Each structure stands twice: as structure tokens, then as C-alpha cells.
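First comes the structure, then the notes that go with it.
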Amino acid sequence: METSNYVFKHRYPVQVRMTDLDPVGHVNNGVQLSYYDMGRLNYLEIIQQKKIVWEDIDMVVVHISCDFMNSIYFHDNIFVETKVLEIGNKSVKMIQRIVNSETNEIKSSCYSVMAGYDKMNNCSKPIPELFKQSVSLFENFEKKN
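Letter 14 of the sequence shown, counting from 1, is numbered 18 in the working numbering, and no numbers are missing.
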């Protein structure tokens with residue numbers, strides 16, 4: 005997914021660990037998904053102005069796709085940028101990218117969809133209005149008439 009046309013207001017630094025590397029010396033693609041999880045969770049904590057409490061989780065990732073453009077190595081200083089593109093009644097569309105903080109080279113990009121989730125009844129549920137308002141304020145979404 006092309007991400008250069010977007011303004012990202014959220015940035016989360018990630019420390020590359022030795023255990024993140026594959027036998028060739030790159031950060032494993034699967035590990036990059038964990039980096040995206042960390043960025044997503046930090047974004048949600050900032051939006052909601054509170055720490056995530058796992059028992060209260062009311063959204064789950066239902067789709068994710070990543071494009072891997074450039075390798076990440078052990079000594080790379082990187083961060084994850086996160087942006088919500090759209091909020092529907094029961095879903096949130098999000099883009100993220102991993103960027104080298106020294107060169108601004110985009111290492112990979114990620115598109116994901118999260119859905120509202122009622123874990124008691126194991127079914128979808130609407131995205132909370134307070135969450136929608138908080139994201140709209142953070143992302144400067146235009147109010148639709």
C-alpha cells in the first residue's frame with residue numbers, strides 16, 4: 005500500500021532485538037507484524053488516554069496485509085507510524101508503516117481492519133462513539149453532514 009501521501013501523527017519507536025533476526029540477518033517478516041501490533045496498541049492507548057486492559061478489549065484485527073519493501077537490520081533505528089483512515093459503524097481501517105528514523109526509508113507498510121467485538125456473545129458490535137470522537141479529533145477528520 006502506498007503511504008507517502010498520508011500525514012502520520014502517531015509514531016512509536018521500536019528497538020530491534022537479536023531474536024528478531026532471521027538466519028540472513030534481517031528482521032523476520034513475522035516479527036514486523038509484532039512491531040505493527042505494538043504501534044497499534046500504543047495508538048489505541050493514546051487515543052483512549054488509558055492503558056489497554058486485556059479483559060476490556062472490544063476490537064479485534066480481522067484483516068491485515070503487509071508489503072515488505074526494504075530489509076531491516078539489527079542496528080537500524082526504526083519507528084512505526086500509525087494512522088486511522090476511516091471509521092465505520094463496526095470497523096476501523098488503519099494504515100501503518102515502519103520507517104528508518106535516520107534515512108526516512110520506508111521499510112514496510114501495513115493495512116489492517118479492526119472490528120468491534122462483543123466477547124461475551126462472540127459477535128461483532130458497533131465501534132464506541134467515544135472512540136470515534138477521539139480518533140476524529142486526533143486525526144482531524146472532517147465532520148460529514
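Think of the CB as a built atom: it goes at the ideal place given N, C-alpha and C, for glycine as much as any other residue. On a predicted model such as this, the values are computed, not experimentally measured, just so you know.
*Are the stretch 26–39 and the stretch 71–85 touching by the rule of at least three beta carbon pairs closer than 8 Å?*
yes
_For Ser140 and Glu106, what's the separation of their Cα atoms in angstroms?_
30 Å
*Report the rounded CA-to-CA distance for Glu6 versus Val35, giving the unit in angstroms.*
21 Å
_Where Phe12 falls: helix, strand or coil (DSSP)_ = coil
*In whole angstroms, what separates the C-alpha of Arg101 from that of Lys123?*
29 Å
_Residues of its chain near Ile51, where Cβ-Cβ distance is below 8 Å and the 5 sequence neighbours each way are ignored_ = Phe135, Ser138, Val139 and Phe142
*Report back the beta-carbon spacing between Thr86 and Phe145 to the nearest angstrom; my notes put them in contact at under 8 Å.*
Their Cβ separation, rounded to whole angstroms, is 15 Å, which puts Thr86 and Phe145 out of contact at 8 Å.
*Is Gly43 helix, strand or coil when you go by DSSP?*
helix
*Is it right to say Lys111 is buried, meaning 16 or more other beta carbons lie within 10 angstroms of its own, or is it exposed?*
buried
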